[in-house]
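Residue numbers (my numbering), protein chains in the order written: chain W, -18 to 23; chain H, 529 to 717. Quick reminder that beta carbons are idealized off the backbone N, C-alpha and C, glycines included.
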């Protein structure tokens, strides 16, 4: 996550139907998983 | 909900329509789409109305080789621990080598669903007990539609807590071109 664009998230509320796009907070970023290389069989 | 057999000439009442037609089988909850950034967060999608859910991922586009991960949450707060899961996938060959990956107490479910920016992929996820005070488990089936890629995949796992989750969070390893997620609930009665 070394690019500002990589900390943008889309948030959708199923109750209201509202969708917003915003930067993630520091707390949200701290909970994000590490990027994982996908399985690639030979 | 029992199955009702209607007879010729019988009046279809509003009550029958509501009970037997409008509320049958899978019940639509919501659809969310991301076209930028790296995460898609769906809040208030799990409730006591349903115990089990079907999640459909369609038209997922992102930079090549990016795996998508899934986390459960409460509101906007992610549950970032206690995920146990195993994956496997194979190649598009007659006698493929099947490889796998497993993990305990990880920070997310790693689906290994893979796409690129031109070859979109889809996936289905069944989630069991998401809003119940029991372990939440899930089964994922997905595909890699890159012709240079590998058909995928199966993942089974659980989140080792009794948290009553209300939200679902996806994170891509690269900037998302498109990610559409539709949530359905399995009607209980």
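Per-residue burial, residue i [other beta carbons within 10 Å of its own, 16 or more giving buried]
i, result
"residue 534 (chain H)", "exposed"
"residue 539 (chain H)", "exposed"
"residue 623 (chain H)", "exposed"
"residue 537 (chain H)", "exposed"
"residue 675 (chain H)", "exposed"
"residue -5 (chain W)", "buried"
Sequence-distant residues of its chain with Cβ nearer than 8 Å to residue i (five each side left out)
i, result
"residue 718 (chain H)", "The structure shown does not extend to residue 718 (chain H), since chain H is modelled only from 529 to 717, so the question has no answer here."
Residue range of the beta strand (DSSP E) that includes residue i
i, result
"residue 617 (chain H)", "611 to 617"
"residue 562 (chain H)", "554 to 562"
"residue 9 (chain W)", "Premise fails: residue 9 (chain W) lies in the alpha helix (DSSP H), 7 to 12, not in any beta strand (DSSP E)."
Residues near residue i in its chain [Cβ-Cβ closer than 6 Å; skip 5 each side]
i, result
"residue 0 (chain W)", "-7"
"residue 706 (chain H)", "563, 587 and 589"
Limits of the unbroken alpha helix (DSSP H) element including residue i
i, result
"residue 591 (chain H)", "It is not in any alpha helix (DSSP H) - residue 591 (chain H) carries neither H nor E in the DSSP assignment."
"residue 634 (chain H)", "Unbroken run through residue 634 (chain H) is the beta strand (DSSP E), 627 to 634; no alpha helix (DSSP H)."
Beta-carbon proximity list for residue i, same chain, < 7 Å, skipping 5 on both sides
i, result
"residue 635 (chain H)", "608, 609 and 611"
"residue -12 (chain W)", "-18, 4, 5 and 10"
"residue 591 (chain H)", "644, 645, 702 and 703"
"residue -15 (chain W)", "For residue -15 (chain W), the predicted structure reports a pLDDT of 45, less than 50, and the residue's modelled location is therefore unreliable. The matter cannot be settled from this model."
"residue 660 (chain H)", "579 and 692"
Pairwise C-alpha distance: residue j and residue i
i, j, result
"residue 665 (chain H)", "residue 647 (chain H)", "29 Å"
"residue 599 (chain H)", "residue 657 (chain H)", "14 Å"
"residue 689 (chain H)", "residue 632 (chain H)", "13 Å"
"residue 14 (chain W)", "residue 716 (chain H)", "33 Å"
"residue 652 (chain H)", "residue 583 (chain H)", "6 Å"
"residue 576 (chain H)", "residue 625 (chain H)", "42 Å"
"residue 655 (chain H)", "residue 7 (chain W)", "28 Å"
"residue 694 (chain H)", "residue 571 (chain H)", "6 Å"
"residue 605 (chain H)", "residue 697 (chain H)", "10 Å"
"residue 638 (chain H)", "residue 549 (chain H)", "37 Å"
*Where are the alpha helix (DSSP H) runs, 4 residues long or more, that stay fully inside the region 643 to 701 of chain H, in chain order?*
Runs of the alpha helix (DSSP H) inside the region 643 to 701 of chain H: none found.
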